[in-house]
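Below: one structure, written as structure tokens.
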Amino acid sequence: MEIKQDKHGDVAVLNLIGRLDANTSGELESVLIPMIGEGKKKIVLDFSALEYISSAGLRLLLLAAKKLRNNKGNIILCSMKDFIKKIFEISGFTPIFKIVDTKEAALKELE
Amino acid sequence: MKSLIVHINNSLPEIARVTKKFEIFAEDNSLSRRIIYDISLCLDELITNIVSYGFDDDAEHIIEIQFHLKENEIKLVFIDDGIEFDPEQKEDPFYLKHSVEERPIGGLGIYLVKKLMDIIEYQRVEDKNILTLTKFLKKPN
């Protein structure tokens, strides 16, 4: 997978491109977890180009959410495709994560 | 009925190879993107599980995966000679409604497979696990 990083003020935006599975979740983990460790409190994950997520990807997202919660930080997911949203619903992840339609809406939430 | 049979060895990179073969089979037979996505996820989760937990030796093992497509359903059959494992006996995660703080990490793979597929049948035959999964295809209106 490819990860594009972008900054909007104090918000970090990670654009995830491709597949988030057992093979690739390590790549996102190596960006996301240190970011939280360094005290980043506002993170947007842009799912517009994410084509696939498996339980390994879900596992990493929950780990990140837990770490952010400890720091009183906030993570927002945006532009999620329908078939990925279905996986979130089955997994009971929709009440845990704030999910919005667009990146702009995500940035507004974190203002 | 149209069928595809793929043999892989017990290593994680094989998931990509069988998924690619399935995708070509699916596209040749005009399966919807949603069905392709659901089946690919099941392949990923089940093979990861078999490869990671199914064998207690270092030997190479062959896993057979069959796809059988009929008008209204697709059936997947997984055959391996690993440790007995019946996904139906695995309890669903109890923590789906727990908060971020309370929720343990992981344990979702088999649960996703059970939710995405319509019928799951398990047999243990002559030291082999035979797992058959059926997904109904929506009839075109």
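Chains as they are written, first to last, in numbering that gives the first Met the number 0: chain H, 0 to 110; chain R, 0 to 140.
Virtual Cβ for every residue (Gly too), placed ideally from N, Cα, C.
Cβ distance (whole Å) where residue i is taken to contact residue j below 8 Å
i             : j             : result
V50 (chain R) : Q65 (chain R) : That belief does not hold up - the Cβ atoms of V50 (chain R) and Q65 (chain R) are roughly 18 Å apart, past 8 Å.
L57 (chain H) : L31 (chain H) : Not a contact, Cβ separation roughly 14 Å.
F96 (chain H) : A55 (chain H) : That pair is no contact at about 17 Å.
I81 (chain H) : D43 (chain R) : The amino acid occupying residue 81 (chain H) in the given sequence is Asp; Ile does not appear at that position. Actually they are not in contact, since the Cβ atoms of D81 (chain H) and D43 (chain R) sit about 19 Å apart, beyond 8 Å.
Within-7 Å CB hit, residue i to chain H
i              : result
N140 (chain R) : Because N140 (chain R) carries a pLDDT of 48, less than 50, the predicted location of this residue cannot be relied on, and the following value inherits that uncertainty. Output row for N140 (chain R): interface = no.
D43 (chain R)  : yes
T18 (chain R)  : no
K134 (chain R) : no
G53 (chain R)  : no
K74 (chain R)  : no
G168 (chain R) : Here chain R has residues from 0 to 140 only, and residue 168 (chain R) is not among them.
R123 (chain R) : no
Residue-chain proximity (residue i, chain R), Cβ-Cβ < 7 Å
i              : result
L57 (chain H)  : yes
S54 (chain H)  : yes
A105 (chain H) : no
A21 (chain H)  : yes
Chain-ordered chain H contacts of residue i [CB-CB under 7 Å]
i              : result
G105 (chain R) : R58
T131 (chain R) : None at all; the shortest Cβ gap to chain H is about 21 Å.
Proximal residues of chain H, C-beta to C-beta of residue i below 8 Å
i              : result
Y36 (chain R)  : Y51 and F82
V99 (chain R)  : L61, A64, K65, R68 and I95
L95 (chain R)  : S90 and G91
K114 (chain R) : I89
Nearest candidate by alpha-carbon position, reference residue i, set the options
i              : options                         : result
K127 (chain R) : R:D80, R:L115, R:P103 and R:L68 : R:D80
E37 (chain H)  : H:E108, H:K66 and H:I52         : H:K66
Contacts that residue i makes with chain R (C-beta to C-beta distance below 8 Å)
i             : result
I86 (chain H) : L40 and L111
**OP:** Inspect the CB distances between the stretch 84-97 of chain H and the stretch 8-15 of chain R and report whether three or more fall short of 8 Å.
**Re:** no
Original post:
Do the stretch 63-78 of chain H and the stretch 32-45 of chain R meet, that is, are 3 or more Cβ pairs less than 8 Å apart?
Top reply: no
Original post:
Between the stretch 107-117 of chain R and the stretch 20-27 of chain R, do at least 3 Cβ pairs fall closer than 8 Å?
Top reply: no
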